[in-house]
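In the numbering used here, the protein residues as written are 9 to 140.
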């Protein structure tokens, strides 16, 4: 271990590593997909229908990322046409449990956030332009 690897560098390295994981939590599509999978396995079309506003491409990208991170599994049943379903892993279930309060907070405060945004936007439109 070098001086650069000493105890003082550990918090910085841990923070860098956790930022990768926090990217999952900060991604709205990932959290919505995890929420939609909390009741059990779903097929792609079911997830697309349940995740309002997501494009087919973005859902594909999100599912691949979550599979890569070990949050969900992808199961293919070789029938014609192939049957593909997605399910949360045990780690994915713990992510769902950890983020459920955040999603509930979001739903509970949605009206207040929209009102605050409208008030801010109306003040910004009425304010004189800042000097250059």
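Backbone N, C-alpha and C define an ideal beta-carbon position, used for all residues, glycine too.
Check your understanding: Rounded C-beta distance between residue 61 and residue 79? I'm assuming under 8 Å.
Key -> So it is not a contact: roughly 20 Å between Cβ atoms.
Practice item. Tell me whether residue 81 sits in a helix, a strand or coil according to DSSP, three-state version. Key: strand
Review point. How many angstroms separate the CA atom of residue 97 from the CA atom of residue 46?
Key: 10 Å
Practice item. Check whether the Cβ atoms of residue 41 and residue 30 sit closer than 8 Å, and answer yes or no. Key: no
Check your understanding: From which residue to which residue does the alpha helix (DSSP H) around residue 95 run?
Key -> No alpha helix (DSSP H) contains residue 95, which is instead part of the beta strand (DSSP E) from 91-96.
Point to revise | Paired residues, beta bridge with residue 50 - DSSP | key: 94
Check your understanding: Using DSSP with H/G/I as helix, E/B as strand and the rest coil, what is residue 35?
Key -> coil
Check your understanding: Going by the beta-carbon positions, is the gap between residue 50 and residue 44 smaller than 8 Å?
Key -> yes
Practice item. Work out the CA separation of residue 125 and residue 84 for me, nearest whole Å. Key: 44 Å
Check your understanding: Between which two residues does the alpha helix (DSSP H) carrying residue 69 extend?
Key -> 64-76
Check your understanding: Does the beta-carbon distance from residue 95 to residue 107 come in below 8 Å?
Key -> no
Exercise for review: In angstroms with no decimal places, state the Cα-to-Cα distance between residue 65 and residue 118.
Suggested key: 27 Å
**Study point:** Buried versus exposed, by CB contacts within 10 Å (16 or more), residue 114
**Key:** exposed
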